[in-house]
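If you count the sequence shown from 1, position 16 lands on 15 in numbering that gives the first Met the number 0, and the numbers rise without skipping.
Ideal placement from N, C-alpha and C gives every residue a C-beta, glycine not left out.
Structure first, commentary second.
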Amino acid sequence: MNSELKKTLRNISENTGIELSVFTSTGIPVSSPSGEEISPDFEGILQSGGFTYFKAIFKAEQYIFGIEGVTHVQRNYAFLLADMIENSSSRAVNLPKGEFVRRILLGECNAADIQKYRIKYAVPDQPCFVLAVAAEGKTSDVIALFSQYGENEADCAVSVSGKDCAFIKFVEPESEYQSSVDFASFLARSLWEELGIRCHIGVGGMFRHFEDVSVSYQQASAALRMSSLFNSKGFVHSYREFLLVKMLEDISETKLEEYLSILLEGDARELLKDEDMVNTAEEFLENSLNVSETSRNLYMHRNTLMYRLDKIERVMGLNLRKFSDAVTFRIITILNKLV
């Protein structure tokens with residue numbers, strides 16, 4: 000159950016002495032003494048089985064609530080409590096701007112609340128994207144510096160949780176930044192040069208409407224998480240980089256294991272346990288299959304690199320110097336980490 004809804008129901012109980020049962024919109028019990036499902040096929044008020052039931056929307060999600068008793072008193076309570084529950088979910092409009100934005104990003108505000116935010120803070124009708132930031136320094140310092148680089152008043156840096164921050168960026172028609180990744184790289188560089196704070200930034204997708212900023216934030220957070228999981232180089236990572244990973248992540252683990260067993264034969268699994276071998280291959284892929292560049296970056300003799308690539312080909316049947324085999328190897332390493 001939504002934590003805010005729990006708080007609202009607790010306040011109702013403390014102030015009125017009324018304990019409410021809670022069901023999903025389909026009648027499945029969320030918090031109910033009997034634990035029995037109820038039929039959601041009713042309009043207005045339903046009095047049945049010693050309980051009075053009513054529907055109410057909280058944070059854009061519909062619930063069914065139940066009060067013990069079936070007299071006109073419980074019926075009147077039902078009307079009053081429905082209004083109380085729905086109004087409590089719209090109190091975000093009275094919150095400080097930072098907390099309001101945090102709740103919008105986390106998907107805790109309904110469409111009406113988001114519209115109120117747009118009106119209150121004059122949010123422009125421009126495309127926007129969200130950056131998820133994990134920084135080593137003080138959150139307040141990070142937010143203060145980021146706030147200096149907003150190109151309009153609607154750009155906003157906020158604390159989300161712990162040391163995690165977010166930055167909502169509206170795209171100006173004549174912005175000096177070429178892309179969202181370019182802007183994120185600028186922020187990461189500025190944070191290091193001005194405050195000596197290192198950070199990792201996930202870049203969410205760009206959306207035409209402000210109402211979709213929570214989706215952009217989820218994407219940005221996913222990019223941060225997956226960059227850590229795959230030990231990706233650099234400090235800025237976009238969601239688009241990991242779209243293949245996300246697609247595979249959405250498949251059941253059983254199916255992923257099945258795919259992996261098809262791609263791996265003989266001693267191939269053992270080779271994947273050799274970190275030096277895998278890291279060499281990954282560096283080769285990162286350098287666009289360029290032998291000379293990879294040798295330089297790894298401080299490795301060209302012959303040693305060729306030996307390792309030849310061993311991978313011998314054991315796994317994949318010539319990483321061929322693009323198609325390199326793609327297959329990348330899929331194998333992703334599957335191996337996911338399972």
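In this structure, Tyr62 lies near Ser24, with their beta-carbon atoms less than 9 Å apart. Under the three-pair Cβ rule at 8 Å, the segment 294–302 does not count as touching the segment 241–257. Closest in C-alpha terms to Arg197, from the list Glu175, Pro172, Val214, Gly233, comes Gly233. A contact between stretches requires three or more CB pairs, one per stretch, nearer than 8 Å, and the segment 153–165 meets this requirement with the segment 125–143. Comparing C-alpha distances from Val214 to each of Thr303, Glu18, Ala131, Asn302 shows the shortest one belongs to Ala131. With a beta-carbon spacing of about 20 Å, Phe169 and Ala143 fall beyond the 8 Å limit used to define contacts.
If you look at Asp163, you'll find it in the beta strand (DSSP E) that goes 163–169. In the three-state DSSP reduction, Phe50 falls in the strand class (E or B). The alpha-carbon separation between Tyr148 and Tyr120 amounts to approximately 18 Å. Between Thr279 and Arg307, the C-beta spacing is below 9 Å. Pairing Leu262 with Thr327 gives a Cβ-Cβ distance under 9 Å. With respect to the 9 Å criterion, Met205 and Phe145 are not classified as neighbours on the basis of their beta carbons. In the displayed model, Phe41 falls within coil according to three-state DSSP, outside both helix and strand. Going by DSSP, Tyr62 is part of the beta strand (DSSP E) stretching over 60–67. For Ser20, the uninterrupted beta strand (DSSP E) run begins and ends at 20–23, by DSSP.
Taking C-beta separations shorter than 8 Å and ignoring five residues to either side along the sequence, the partners of Lys58 in its chain run Asn1, Glu3, Leu4, Ser88, Glu107, Cys108, Asn109, following chain order.
The segment 270–278 makes no contact with the segment 252–260, as fewer than three CB pairs between them are under 8 Å.
Counting only residues of its own chain and dropping the five nearest sequence neighbours on each side, Gln218 has a CB closer than 6 Å to the CB of Gly203, Gly204, Tyr238. The C-beta distance from Ala183 to Val235 rounds to 5 Å, short enough to fall under 8 Å. CA-CA distance, Glu13 to Leu19, rounds to 12 Å. Burial is judged here by how many other beta carbons sit within 10 angstroms of a residue's own beta carbon; Phe241 has at least 16 and is buried. Contact between Val21 and Leu104 is ruled out by a C-beta separation of about 26 Å, above the 8 Å threshold. Here Leu130 is bridged, per DSSP, to Phe166, Val202. Straight-line spacing of the CA atoms in Lys310 and Ser323 works out to 18 Å. Distance from the CA atom of Ala221 to the CA atom of Ser174, rounded to whole angstroms, is 26 Å.
Ile37 and Ile17 have their alpha carbons spaced roughly 20 Å apart. Closest in C-alpha terms to Gly48, from the list Ala55, Arg313, Glu60, Glu35, comes Glu35. Around the beta-carbon of His199, 16 or more other beta-carbon atoms lie within 10 Å, marking it buried.
Taking 9 Å as the cut-off, the beta carbon of Ala165 is found closer than this to the beta carbon of Tyr216. Within the segment 77–125, the runs of alpha helix (DSSP H) at least 4 residues long that lie entirely inside it are, in chain order, 96–104, 110–119.
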